[in-house]
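A.B. asks: Residue numbers (our numbering), protein chains in the order written: chain A, 1 to 115; chain B, 1 to 113. Backbone N, C-alpha and C define an ideal beta-carbon position, used for all residues, glycine too.
(1) Looking at the structure shown, is residue 63 (chain B) part of a helix, part of a strand, or coil, going by DSSP?
(2) Quick check: is the beta carbon of residue 52 (chain B) nearer than 8 Å to any beta carbon in chain D?
(3) Tell me, please, whether the CB atom of residue 64 (chain A) is closer than 8 Å to any CB atom in chain B?
(4) Do residue 28 (chain A) and residue 123 (chain A) have their beta-carbon atoms positioned less than 8 Å apart in this structure?
(5) Using the C-alpha atoms, what's the distance from residue 16 (chain A) back to residue 85 (chain A)?
(6) Just to make sure I have the definition right: I need the residues of chain A whose C-beta is within less than 8 Å of the C-beta of residue 22 (chain B). Which are they?
(7) Taking residue 32 (chain B) as the reference, which of B:108, B:104 and B:111 has the closest Cα?
(8) According to DSSP, is residue 106 (chain A) part of a helix, a strand, or is it coil?
(9) Any idea if residue 58 (chain A) is buried or exposed, counting beta-carbon neighbours within 10 angstroms, 16 or more meaning buried?
(10) Under a CB-based cut-off of 8 Å, is residue 48 (chain A) close to chain B?
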C-alpha cells in the first residue's frame, strides 16, 4: 500500500542553523503521487506548509523548501536558517491522484529550535 | 485562511455509549474527511464523504461508525457503541475540489473509559 516515512521523534536545532527533515514515500496505487508538508504549531490546528504535485519541482514557503524527487521517492524538508518560531510538528503526506483525495501521513517530526 | 471547526474539543464517555463528533467545514467546500490519530501513531484516513455519500472508507471505519451531513449543517461522525480502542484524536478536513488543499480542524480528543 501507499506509505510515508519521515525522520522520527524530535529534532533539536539551534536558532539560525540549517534544518533537514527526511521524508520518503511509497506509492503503489494507480495514479500520480502529490506530496505535501503540513505543520502544527503549538495550540493550533494542522495547516498546509507547502505542496508539490509534479516530479522534479520544488515547493517553498516561509523559508522552507522541498523538492519532489521521483527517482529517490523523497520529499525532504529543508530550511537554511531556522527561527524559534519554527518550533512545531511537521508532517509529510502523500496523495495519489485518481482516488478520493485522502492523505497518507508520516508519523510527524517535532522540531525544537533553541535560542 | 479558511477555518474548520470541531465540537467538542474533548469528550470523555463510558464504553458502549454513543458519541457524535461535530465538524463545521469551510462553507463552500464539497469534500469532507475524517482522520484518526492514536497517541504516538500516524494520523490515518477513516472516511471521505461527498454529495451525501461515503466515497471511500478505510478498514478503520468499523460498522459502528457512521457519517452524515444533513442539510449542509455539521458533518458528523457517530460511533455507536464505542469501544476502548476508539480513544484517539479525530480530525475533520474539508476541501473545495479534487485538486484543492485539504483544510483541517483542531481535532476532538475522545477518551473511552
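C.D. replies: Short version:
(1) Here the question's residue 63 (chain B) lines up with position 63 in the second chain. Here residue 63 (chain B) sits in coil by DSSP.
(2) Note that chain D does not occur in the displayed structure, where the protein chains are A and B.
(3) Taking the first residue of the first chain as 1, we reach residue 64 (chain A) at position 64. It does not; no Cβ of chain B falls within 8 Å.
(4) Outside the shown range of chain A, which is 1 to 115, sits residue 123 (chain A), and nothing can be said about it.
(5) Your numbering for residue 85 (chain A) matches position 85 in the first chain. Your numbering for residue 16 (chain A) matches position 16 in the first chain. Roughly 11 Å separates the two Cα atoms.
(6) On the second chain, position 22 is the one that residue 22 (chain B) refers to. Taking a Cβ-Cβ threshold of 8 Å, none of the residues of chain A is close to residue 22 (chain B); the smallest such distance is about 15 Å.
(7) Here residue 32 (chain B) refers to the residue found at position 32 of the second chain. Comparing Cα-Cα distances from residue 32 (chain B) to each of B:108, B:104 and B:111, the minimum goes to B:104.
(8) To locate residue 106 (chain A), count along the first chain from 1; it is residue 106. Coil, per DSSP.
(9) Taking the first residue of the first chain as position 1, residue 58 (chain A) is located at position 58. Taking all protein chains in view, the Cβ of residue 58 (chain A) is surrounded by fewer than 16 other Cβ atoms within 10 Å, so the residue is classified as exposed.
(10) Counting from 1 along the first chain, the entry for residue 48 (chain A) is found at position 48. Chain B contact via Cβ: present.
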